[in-house]
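One structure below.
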Amino acid sequence: NAGVTQTPKFQVLKTGQSMTLQCAQDMNHNSMYWYRQDPGMGLRLIYYSASEGTTDKGEVPNGYNVSRLNKREFSLRLESAAPSQTSVYFCASSEIGGVAFFGQGTRLTVV
Amino acid sequence: AQKVTQAQTEISVVEKEDVTLDCVYETRDTTYYLFWYKQPPSGELVFLIRRNSFDEQNEISGRYSWNFQKSTSSFNFTITASQVVDSAVYFCALSEWAGANSKLTFGKGITLSVRP
Chain A
397 NAGVTQTPKF QVLKTGQSMT LQCAQDMNHN SMYWYRQDPG MGLRLIYYSA SEGTTDKGEV
457 PNGYNVSRLN KREFSLRLES AAPSQTSVYF CASSEIGGVA FFGQGTRLTV V
Chain B
10 AQKVTQAQTE ISVVEKEDVT LDCVYETRDT TYYLFWYKQP PSGELVFLIR RNSFDEQNEI
70 SGRYSWNFQK STSSFNFTIT ASQVVDSAVY FCALSEWAGA NSKLTFGKGI TLSVRP
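Those protein sequence lines, which keep their order, are chains A and B. First residue of the first sequence? That's 397 in my numbering, and the numbers climb one at a time after it. First residue of the second sequence? That's 10 in my numbering, and the numbers climb one at a time after it.
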């Protein structure tokens, strides 16, 4: 049972580089989310997509873009990475009001 | 706007003590869902419980119990006879029933350390 798969697990970027974090779910969920987790800050919502074809900003969207490619896939792009984006990123999916299932996380370091 | 507050940041107890993790939420909706998740040191997020706004019954699952009180907008989590394996970060979360705009909002988490 794959659930939510996100790649890569680890990444080191130089300031100014770009990258895309990939996320795919096989549970036919409508909603997908990207969170970042920083010490003492909990899980902060970056972007979410309540259904295929829609995306909305969360609490901390600056410096990120997202694409809901289809119902399964929701990618997060950093166009020009900054040290402040060093974090652990989690992708999740759920039905509306349902239990959210999370990927294993991506530990990103921007130097 | 929806908001979840976990005022406690870190709690340390000795094994076999009972411990309660507090969660207070804010929402304008009458229909919403509350959750607790556990994040052990390995880093994955583990679902513990989901409760809808119309069901105020307390729930018990083994050593875990949850107290939902709409009157005080609280959804507290109690671990009875804590064990070292309970050491983790615990998150409370809220999802409003807002159709296409539904989103899942987390509190900042409570780090629980259980000492032998």
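Backbone N, C-alpha and C fix where the C-beta goes; we use that ideal spot for every residue, glycine too.
So, residue i versus residue j, is the Cβ gap smaller than 8 Å?
i, j, result
"Val22 of chain B", "Val13 of chain B", "no"
"Phe472 of chain A", "Trp430 of chain A", "Reading off the sequence, residue 472 of chain A comes out as Leu, not Phe. Yes; because the gap between Cβ atoms is below 8 Å, this pair is in contact."
"Met428 of chain A", "Phe470 of chain A", "yes"
"Pro125 of chain B", "Val93 of chain B", "yes"
"Gln418 of chain A", "Gln402 of chain A", "yes"
"Gly71 of chain B", "Gly438 of chain A", "no"
"Leu103 of chain B", "Gln11 of chain B", "yes"
"Thr416 of chain A", "Val507 of chain A", "no"
"Ala477 of chain A", "Gln433 of chain A", "no"
"Thr18 of chain B", "Thr120 of chain B", "yes"
Can you grab the Cα-Cα spacing for the pair residue i / residue j, in whole Å?
i, j, result
"Thr450 of chain A", "Val495 of chain A", "20 Å"
"Lys467 of chain A", "Asn426 of chain A", "7 Å"
"Asp422 of chain A", "Ser51 of chain B", "23 Å"
"Ile58 of chain B", "Gln48 of chain B", "14 Å"
"Ser447 of chain A", "Ser490 of chain A", "10 Å"
"Arg60 of chain B", "Leu54 of chain B", "18 Å"
"Ser480 of chain A", "Ile20 of chain B", "28 Å"
"Arg37 of chain B", "Asn67 of chain B", "23 Å"
"Gly501 of chain A", "Tyr34 of chain B", "26 Å"
"Ala488 of chain A", "Ser445 of chain A", "10 Å"
Could you confirm whether any beta carbon from chain A is found closer than 8 Å to the beta carbon of residue i?
i, result
"Leu43 of chain B", "no"
"Ser111 of chain B", "yes"
"Trp104 of chain B", "Residue identity differs from the one stated: residue 104 of chain B is Ser in this sequence, not Trp. So yes, Ser104 of chain B belongs to the interface."
"Leu54 of chain B", "yes"
"Arg59 of chain B", "yes"
"Lys79 of chain B", "no"
"Thr14 of chain B", "no"
"Thr36 of chain B", "no"
Beta-carbon of residue i versus every beta-carbon of chain B: anything under 8 Å?
i, result
"Gln500 of chain A", "yes"
"Leu441 of chain A", "yes"
"Tyr485 of chain A", "no"
"Ala496 of chain A", "yes"
"Met437 of chain A", "yes"
"Tyr429 of chain A", "yes"
"Tyr460 of chain A", "no"
"Ser490 of chain A", "yes"
From which residue to which residue does the beta strand (DSSP E) around residue i run?
i, result
"Val22 of chain B", "Glu19 to Val23"
"Phe84 of chain B", "Ser83 to Ile88"
"Met428 of chain A", "Ser427 to Asp434"
"Gly116 of chain B", "Element bounds for Gly116 of chain B: n/a, residue is neither H nor E."
"Ser489 of chain A", "Ser483 to Ser490"
"Gly438 of chain A", "Gly438 to Ser445"
Please go through the stretch 57 to 85 of chain B and give each complete beta strand (DSSP E) segment of 3 or more residues, from N-terminal end onward. For the stretch 57 to 85 of chain B, whole beta strand (DSSP E) runs of length 3 or above, ordered along the chain, are 68 to 70 and 73 to 78.
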